[in-house]
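J.: Mind having a look at this structure? Questions to follow.
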Amino acid sequence: MKFMQPLNLFKESLKREASKRNQLLGLKVGDRFLSLAVSDPENISAAPLTVWPTVLYDKASVAGTIQTLIPKHNLMGLVVFSPNISLKSCPIYSYIGGLHKSGKLEGLMYTCWDEDFTSKNVEFMSKHHVEFLKSLRLPKHLPEKCIEQFAAWYLLQGYLDFSNILVAIDKDDADPFVGD
5 MKFMQPLNLF
15 KESLKREASK
25 RNQLLGLKVG
35 DRFLSLAVSD
45 PENISAAPLT
55 VWPTVLYDKA
65 SVAGTIQTLI
75 PKHNLMGLVV
85 FSPNISLKSC
95 PIYSYIGGLH
105 KSGKLEGLMY
115 TCWDEDFTSK
125 NVEFMSKHHV
135 EFLKSLRLPK
145 HLPEKCIEQF
155 AAWYLLQGYL
165 DFSNILVAID
175 KDDADPFVGD
């Protein structure tokens, strides 16, 4: 596994030809659930993939699951979500170390993304998903699991939104007289 800065990972995913673009996998490790989401090949939108109880999956099992998803979704990168990633003591770094030590994710690039960065569009959609699920009056564990499944999607979509905006701004700031 190779660490890349968040925007550099995104830019790397765009360097490939449109027909050979690789997708990004979002990983959210929560206290109770672990959730995954995957981007579309253009890395514009995300979709929820799966959710499991955290206690059932050790790092080697998670690495094995991700390994099976690499060819299925043509994955080139992993975006790991956690609060306070700027702190060196953040527990997610230990988790990533365990994934790396498994040896199952060689060649996969990864980055860390702070959960606090989301787009207004994603916040709006997430809020309404939560309200809708609560209004269904489902058994207590079902809405919680559904909300957790959306966690990785919610965070990956925020990462994609920010990255696409920054890449577009970067293109707009390019010198129009260079490269002609």
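Going left to right, the sequence shown walks through residues 5 to 184 as the working numbering numbers them. Using N, Cα and C, we set each Cβ at its ideal position, and we do this for glycine too.
Using a 10 Å radius around the Cβ and a threshold of 16 neighbouring Cβ atoms, would you call P52 buried or exposed?
T.: Indexing the sequence shown from 1 puts residue 52 at position 48. Result: buried.
J.: Based on the DSSP output, what are the partners of T115 in its beta bridges?
T.: For the purposes of this step, residue 115 is taken as residue 111 along the sequence shown, with counting starting at 1. T115 pairs with V83.
J.: Just mark D184 as buried or exposed, buried being the case when its beta carbon has 16 or more other beta carbons within 10 Å.
T.: Residue 184 sits at position 180 when you count from the first residue of the sequence shown. Interpretation of D184 is limited by its pLDDT of 46, a score under 50 that renders its predicted location unreliable; no figure is taken from the coordinates.
J.: Using 10 angstroms around the beta-carbon of L43, count the other beta-carbons present and answer buried if the total reaches 16, otherwise exposed.
T.: As a position in the sequence shown, residue 43 is number 39, starting the count at 1. Before going on, a small fix: residue 43 reads as Ser here, not Leu. S43 comes out buried.
J.: Comparing C-alpha positions only, which one of V84, E119, D120 and L103 sits nearest to T69?
T.: As a first step, residue 69 must be located in the sequence shown, where it is residue number 65. Checked all of V84, E119, D120 and L103; the closest Cα to T69 is L103.
J.: Assuming L112 and L79 are in contact, meaning their beta carbons sit under 8 Å apart, how far apart are those beta carbons, in whole angstroms?
T.: Counting from one through the sequence shown, the residue named residue 112 turns up at place 108. Counting from one through the sequence shown, the residue named residue 79 turns up at place 75. The Cβ separation is near 7 Å, so the contact holds.
J.: Which residue from F85, R20, D118 and L142 puts its Cα closest to that of A41?
T.: The residue given as residue 41 occupies position 37 in the sequence shown. Nearest C-alpha to A41: F85.
J.: What do you get for L109, buried or exposed, if any count of 16 or more other CB atoms within 10 angstroms of its CB means buried?
T.: Here residue 109 refers to the residue found at position 105 of the sequence shown. Buried is the call here.
J.: Does P143 come out as helix, strand or coil in the three-state DSSP assignment?
T.: Taking the sequence shown and counting its residues from 1, one reaches residue 143 at position 139. Reduced to three states, the DSSP call for P143 is coil.
J.: Could you compute how far the alpha carbon of L159 sits from the alpha carbon of H77?
T.: Counting from 1 along the sequence shown, the entry for residue 159 is found at position 155. Counting from 1 along the sequence shown, the entry for residue 77 is found at position 73. Straight-line Cα distance between these residues: approximately 19 Å.
J.: Looking only at C-alpha atoms, which of N88, P45 and S139 sits nearest to W117?
T.: Position 113 of the sequence shown holds residue 117. It is N88.
J.: W157 bridges to which residues according to DSSP?
T.: The residue labelled residue 157 in the question sits at position 153 within the sequence shown. In the DSSP output, where bridge partners are listed per residue, W157 has none listed.
J.: Output the residue ranges of the beta strand (DSSP E) runs that lie fully inside the stretch 51-81 and measure 3 residues or longer, sorted by chain position.
T.: Runs found: none.
J.: Tell me whether the beta-carbon of L164 lies closer than 8 Å to the beta-carbon of L82.
T.: Counting from one through the sequence shown, the residue named residue 164 turns up at place 160. Counting from one through the sequence shown, the residue named residue 82 turns up at place 78. Not in contact: L164 and L82 (Cβ atoms no closer than 8 Å).
J.: Helix, strand or coil, according to DSSP, for L28 in the structure here?
T.: As a first step, residue 28 must be located in the sequence shown, where it is residue number 24. Reduced to three states, the DSSP call for L28 is strand.
J.: What's the C-alpha gap between M5 and I74?
T.: As a working mapping, residue 5 is identified with position 1 in the sequence shown. As a working mapping, residue 74 is identified with position 70 in the sequence shown. M5 and I74: Cα-Cα distance of roughly 13 Å.
J.: Here's a check: name, in chain order, each residue in its chain whose Cβ is nearer than 8 Å to the Cβ of Q71, leaving out the five neighbours to either side.
T.: As a working mapping, residue 71 is identified with position 67 in the sequence shown. Taken in chain order, the residues that qualify are K108 and L109.
J.: Between which residues of its own chain and P10 is the CB-CB distance below 6 Å, once the five residues before and five after are set aside?
T.: The residue given as residue 10 occupies position 6 in the sequence shown. These residues qualify, in order along the chain: T115 and W117.
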